[in-house]
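Structure record follows, encoded as structure tokens.
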Amino acid sequence: MNAVALSEMPTEPTISRTTSWRNAMCHKFANDATLHGIRYVSMNQRHIVIRFIWLLLLLISGGYFILTVYKAFAKFYSHPINTIISTHHVTKMTFPAVTICPLNLFARSKMFVTDDNPNFAKSGLNISSCAVTSPVRGKLPGGLSLACRCTPEAFRNVYNAIPNRTIKYRQDLLDIIKKSSHYLDLGNFYRYYSQDVNSLISGPICSFGWELTPCSAKDFSSSVALWGMCHTFNSGGEGKIKTIKTGGISDGLAVILDTQRHEYSLGKYSEGFKVLIHEQGEYFDEREGINIGPGQHVVVALTQKRVGEMPVNHPMGAYSLSSVDEVSCECFNPCNHIKYTNEVSYSKFPDPGTAEECVEKNNLLLLQVGFKSLSYEMQEQQPAYDSNALFGEEHLLLSLFTFFIYNTIYSLSQVLNNESHK
Numbered sequence: 009m010n011a012v013a014l015s016e017m018p019t020e021p022t023i024s025r026t027t028s029w030r031n032a033m034c035h036k037f038a039n040d041a042t043l044h045g046i047r048y049v050s051m052n053q054r055h056i057v058i059r060f061i062w063l064l065l066l067l068i069s070g071g072y073f074i075l076t077v078y079k080a081f082a083k084f085y086s087h088p089i090n091t092i093i094s095t096h097h098v099t100k101m102t103f104p105a106v107t108i109c110p111l112n113l114f115a116r117s118k119m120f121v122t123d124d125n126p127n128f129a130k131s132g133l134n135i136s137s138c139a140v141t142s143p144v145r146g147k148l149p150g151g152l153s154l155a156c157r158c159t160p161e162a163f164r165n166v167y168n169a170i171p172n173r174t175i176k177y178r179q180d181l182l183d184i185i186k187k188s189s190h191y192l193d194l195g196n197f198y199r200y201y202s203q204d205v206n207s208l209i210s211g212p213i214c215s216f217g218w219e220l221t222p223c224s225a226k227d228f229s230s231s232v233a234l235w236g237m238c239h240t241f242n243s244g245g246e247g248k249i250k251t252i253k254t255g256g257i258s259d260g261l262a263v264i265l266d267t268q269r270h271e272y273s274l275g276k277y278s279e280g281f282k283v284l285i286h287e288q289g290e291y292f293d294e295r296e297g298i299n300i301g302p303g304q305h306v307v308v309a310l311t312q313k314r315v316g317e318m319p320v321n322h323p324m325g326a327y328s329l330s331s332v333d334e335v336s337c338e339c340f341n342p343c344n345h346i347k348y349t350n351e352v353s354y355s356k357f358p359d360p361g362t363a364e365e366c367v368e369k370n371n372l373l374l375l376q377v378g379f380k381s382l383s384y385e386m387q388e389q390q391p392a393y394d395s396n397a398l399f400g401e402e403h404l405l406l407s408l409f410t411f412f413i414y415n416t417i418y419s420l421s422q423v424l425n426n427e428s429h430k
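My numbering runs 8 ahead of the 1-based position in the sequence shown.
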């Protein structure tokens with residue numbers, strides 16, 4: 009049994025011949041391969057240092073090629089974006105919505121109205137929360153008491169306006185509201201106890217366009233914002249949106265606003281209004297915008313910017329633009345939307361001549377809003393590095409690499425074929 013096993017084992021001369029055949033085949037492959045430099049690595053006639061240098065050069069070249077391809081694909085999958093900006097002149101433009109938010113939360117004259125005052129019910133101040141808190145309030149004004157209950161501790165001027173106001177009084181208000189399972193409608197509280205829009209927009213000037221089309225408080229739609237009431241001109245209600253056909257500030261909105269400083273009870277750190285420019289039906293944050301105050305002539309020069317959507321196949325992820333009517337754009341790519349940039353200038357108002365016509369000149373301010381020119385700026389977002397750019401940049405390297413691979417495989421197959429026929 010051992011003799012049979014030993015007879016099947018390859019002898020030393022057989023191993024030597026097999027090794028020689030493999031070495032010869034490798035040398036022949038290296039000499040015939042089209043991959044530049046590999047033959048110099050396999051030449052025994054060359055010095056070992058030269059062969060090592062050639063090997064090092066081959067490894068560096070191959071590593072550089074792999075690194076270049078890796079960077080190209082990494083750049084492609086990072087999805088870079090180019091923004092193309094262009095200016096377009098038009099003959100007509102849609103005028104934006106102009107929202108004006110008083111910096112005073114509540115009208116002082118309404119906050120001090122007691123339940124037995126005839127104006128309490130006549131002005132709609134008898135909201136349900138007043139009836140719920142009546143047992144605790146007694147004859148104290150409902151508006152002040154509710155402000156005490158719903159405003160932060162930081163606004164101590166509200167508490168100090170209430171006679172005999174104590175922490176216990178505020179807690180009693182909270183307890184009776186909680187016990188009655190009543191929910192304080194803050195929107196109604198703002199709506200009925202804020203300054204009346206008719207008194208805010210009652211100045212001698214309210215017009216729109218070159219034709220000086222008269223406007224009034226009826227052209228402003230009121231809404232409850234996160235922090236008080238706001239009034240919007242050209243809101244787009246009933247599908248009516250104003251347009252302009254001439255550039256310049258004069259072809260826009262001009263209105264004198266009355267701050268009514270005597271009506272201030274709880275303000276937002278300053279007197280006046282917050283002005284916001286936005287598209288019709290678009291959500292606005294009244295904490296942003298432009299602050300304007302009494303005694304100022306404020307000119308707001310607008311530039312419209314239209315932002316174009318990304319290509320559909322660009323994997324930027326889905327998002328939506330929500331508006332006040334809770335309509336959103338559910339799309340895989342960013343939606344088209346319009347935004348406005350503004351340049352604001354201020355001067356003193358009124359001048360001595362106009363002051364004679366203004367009764368409450370210390371409370372008034374003049375606001376003008378219009379486009380700088382009859383044009384818009386287009387911002388189109390496009391992929392900066394798409395598949396065409398990727399393969400275009402790597403075309404030469406990939407082609408050369410593919411050529412070397414095919415020729416190397418061909419050379420190897422020829423060597424194996426020749427050896428098999430010997």
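Glycine included, every Cβ here is placed at the ideal spot set by N, Cα and C. As the structure is a prediction and not an experimental result, all values here were calculated from the model.
Residues bridged to residue i [DSSP beta-bridge criterion]
i, result
"N2", "The structure shown does not extend to residue 2, since the chain is modelled only from 9 through 430, so no value can be given for it."
"A233", "G236"
"Q203", "Per DSSP, none; premise fails for Q203."
"I346", "R314"
"V377", "L261, V308"
"L284", "T107"
"P222", "S215"
"E385", "T95, K313"
"F391", "Checking the displayed sequence, the identity of residue 391 turns out to be Pro instead of Phe. BP columns for P391 point to I89."
"F228", "F241"
"E351", "A309"
"L372", "D266"
Range of the contiguous alpha helix (DSSP H) that encloses residue i
i, result
"I68", "56-85"
"K187", "175-187"
"V307", "Here V307 belongs to no alpha helix (DSSP H); instead the beta strand (DSSP E) covers 304-316."
"V140", "136-145"
Delimiting residues of the beta strand (DSSP E) encompassing residue i
i, result
"F114", "It is not in any beta strand (DSSP E) - F114 carries neither H nor E in the DSSP assignment."
"G289", "It is not in any beta strand (DSSP E) - G289 carries neither H nor E in the DSSP assignment."
"F357", "Unbroken run through F357: none, as it is neither H nor E."
"C214", "214-216"
"E296", "Careful: E296 lies outside any beta strand (DSSP E) and carries neither H nor E."
"T122", "Run containing T122: none; DSSP gives neither H nor E here."
"S94", "89-97"
Whole-Å CB distance - residue i paired with residue j, under 8 Å assumed
i, j, result
"M101", "T251", "7 Å"
"V307", "I257", "6 Å"
"E271", "R116", "5 Å"
"W235", "E294", "6 Å"
"K118", "S131", "7 Å"
"L111", "G245", "At roughly 25 Å, the Cβ-Cβ gap does not stay under 8 Å, so L111 and G245 are not in contact."
"F114", "G150", "Going by Cβ atoms, the distance from F114 to G150 rounds to 12 Å, so no, they are not a contact pair."
"Q387", "K313", "6 Å"
"L310", "Y348", "5 Å"
"G303", "K356", "6 Å"
"Y200", "L133", "6 Å"
"E437", "I93", "Within the shown structure, residues of the chain are numbered from 9 to 430, placing residue 437 beyond reach of any answer."
"L154", "F197", "6 Å"
Within-8 Å CB hit, residue i to chain D
i, result
"I346", "This model lacks chain D altogether, as it is built from one protein chain only."
Quick check on the DSSP output: what are the complete beta strand (DSSP E) runs of length 3 or more inside the region 237-275, in order along the chain? 256-266
Check whether the region 259-267 and the region 371-384 are in contact - that is, three or more C-beta pairs closer than 8 Å. In short, these stretches touch, since the Cβ pair count reaches three.
State whether the region 223-239 contacts the region 130-141, with contact taken as three or more CB pairs (one from each stretch) at a distance under 8 Å. no
Would you check if the region 390-398 and the region 286-299 touch, i.e. whether three or more CB-CB distances between them fall below 8 Å? no
Within the chosen definition, does the region 69-84 reach the region 206-223 through at least 3 CB pairs nearer than 8 Å? no
Whether or not the region 95-114 and the region 278-285 are in contact is what I'm after, with contact meaning three or more pairs of Cβ atoms, one per stretch, closer than 8 Å; do they touch? yes
Do the region 80-99 and the region 385-393 make contact, defined as three or more Cβ pairs closer than 8 Å? yes
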